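Asker: This structure is in structure tokens; I'll ask about it shortly.
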Amino acid sequence: YYLKTPLSLVYKNCSCSRQGHQQQRAKEEEKEGMESPKSNNDGYQNIFVMRHGDRIDNFEPLWVSTAARPWDPPLIQDGMIRAFRTAQRIRSQIGFPIHRVFVSPFLRCIQTASEVVAALSAVNVDPIAMSSQDVPSIDKSKLKVAIEFGLCEMMNSVAIRRELAPKDGDFDFRISDLEAMFPEGMVDHNVDMIYKEMPKWEESVEGCRDRYVKVVKALADKYPSENLLLVTHGEGVGTTFSTFYKDTTVYEVDYCAYVELRREVTGQDGSVKAGEYEVVLSHGQAGIRFSHDPASHDPVISRTPV
């Protein structure tokens, strides 16, 4: 019950099975694009928008039958590893710091962000570390974390099966409990959410996509001198990619796939001037299956290594 819609984003098979991944990756081609800035002092702001890791209900179908919150599945262990390793790879490649992590309140995103934070903040980078359990020490001054309702899942039966959703439409996220999943001192309690409350159940697909674009832009504008990493859902990643990389159709978004954006930011006389967003394609940015030419029948695939 992942997204399959005929609109600007077209997702094909979303079972995310290992066999499916192997078949898809047999066709892979590496995307080419502009080079990413190697430092944050060259006047660029950098924004990553990442999907969460592997969710348990896609691997253990019976999990929902006994779950207290069947609409809010956690990650499996492979999902934790994928999240950590993806963030570790990002850290090793980009050459600039990530200052803030914003995250959807769904448990799978919180767990993904927790692994991402550990990888980005580890005092010593261990290339064989597989998860946050392998990080003995983190630098809590490196970045701050905050939950953002605007990054949440598409709130309708396209993304969440109607029989699994709360009958009263109240998804009941206990923010303090979710914040406690991050290392002490890394949550920024002074941050005001862009969306003060959760979107209402049965929001439209178009409204959801508008929400994702709005929240990405709003967070970037709120912190123009900082680099951000946003942990969200597949629709959020696909929407971001197709919005800022014109004339593309997105077919599938893998677990922990991400879009990397950058824009030029300059300051003068206390004011900030920002340029247009560009999609960075040079880091083997991966896991998004898309076609750039709407008439093309051969979408490009690239991979996010586990």
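Position 267, counted from 1, in the sequence shown is what the UniProt record's numbering calls 267; the numbers after and before it change by one each time, with no gaps. Even glycine gets a Cβ: it sits at the ideal position worked out from N, Cα and C. In this text, all values refer to a predicted model and were calculated from it rather than measured experimentally.
#1: Check residue 212 in the structure and name its three-state DSSP category.
#2: Label residue 45 either buried or exposed according to how many other C-beta atoms from any shown protein chain fall within 10 Å of its C-beta, with 16 as the threshold for buried.
#3: Closest to residue 175 by CA distance: which of 146, 153, 76, 185 is it?
#4: Among 152, 217, 198, which residue has its Cα nearest to the Cα of residue 235?
#5: Cβ atoms of residue 81 and residue 131: under 9 Å apart, would you say?
#6: Going by C-alpha to C-alpha distance, which of 52, 202, 257, 70 sits closest to residue 104?
#7: Give me the residue from 156, 180, 186 with the minimum Cα distance to residue 122.
#8: Could you check what DSSP says for residue 229 in three-state terms: helix, strand or coil?
#9: Extract the residue ranges of the alpha helix (DSSP H) inside the stretch 75-124, only unbroken runs of 4 or more that lie entirely within it.
#10: Can you tell me whether DSSP reads residue 138 as helix, strand or coil?
#11: Enumerate in chain order the residues of its own chain whose CB-to-CB distance from residue 40 is below 8 Å, with the five nearest sequence positions on each side excluded.
#12: In the DSSP assignment, find the unbroken beta strand (DSSP E) run with residue 66 in it and report its ends.
#13: Measuring straight from C-alpha to C-alpha, what distance separates residue 277 and residue 190?
#14: Bridge partners for residue 291 per DSSP, in chain order?
#15: According to DSSP, which residues form a beta bridge with residue 156?
#16: What is the rounded straight-line gap between the Cα of residue 141 and the Cα of residue 99?
#17: Between residue 64 and the rest of its own chain, which residues show a CB-CB distance below 8 Å, the 5 nearest in sequence each way excluded?
#18: With residue 319 as the anchor, note down where its beta strand (DSSP E) starts and where it stops.
#19: Using only alpha-carbon positions, find the residue among 144, 260, 94 that is nearest to residue 223.
#20: Using the DSSP secondary-structure output, state which residues sit across from residue 263 in a beta bridge.
#21: Looking at residue 148 and the ligand FAD, is the gap between the Cβ and the nearest heavy atom below 8 Å?
#22: Using the three-state DSSP reduction, which class does residue 286 fall into: helix, strand or coil?
#23: Expressed to the nearest angstrom, what Euclidean distance is found between the alpha-carbon atoms of residue 166 and residue 120?
#24: Between the C-alpha atoms of residue 75 and residue 62, what's the straight-line distance to the nearest angstrom?
#25: Go through its chain and collect everything with a Cβ distance to residue 248's Cβ below 6 Å, but skip five positions before and after it.
#26: If distances are taken between C-alpha atoms only, which option among 106, 68, 110, 66 comes closest to residue 84?
#27: Considering only residues of the stretch 164-202, which uninterrupted alpha helix (DSSP H) runs meet the minimum length of 4 residues and lie entirely inside it, listed in chain order?
Answerer: Considering the structure as presented:
#1: helix
#2: buried
#3: The candidate whose alpha carbon is nearest that of residue 175 is 146.
#4: Checked all of 152, 217, 198; the closest Cα to residue 235 is 152.
#5: yes
#6: 52
#7: 186
#8: strand
#9: The alpha helix (DSSP H) runs of length 4 or more contained entirely in the stretch 75-124 are, from start to end of the chain, 77-94, 107-121.
#10: strand
#11: Its pLDDT being 47, under 50, residue 40 is placed unreliably by the model, and nothing is read from it.
#12: Run containing residue 66: none in the beta strand (DSSP E); it sits in the alpha helix (DSSP H), 63-66.
#13: 27 Å
#14: 249.
#15: Looking at the DSSP assignment, residue 156 forms no beta bridge with any residue, so it has no partner.
#16: 9 Å
#17: 57, 70, 73, 164
#18: Not covered by the structure: residue 319. The range shown for the chain is 1 to 306.
#19: 144
#20: 45
#21: With respect to small molecules bound, the structure shown includes none, and the ligand FAD cannot be examined in it.
#22: coil
#23: 35 Å
#24: Residue 75 and residue 62 have their alpha carbons spaced roughly 15 Å apart.
#25: 242, 290, 292
#26: 110
#27: 175-179
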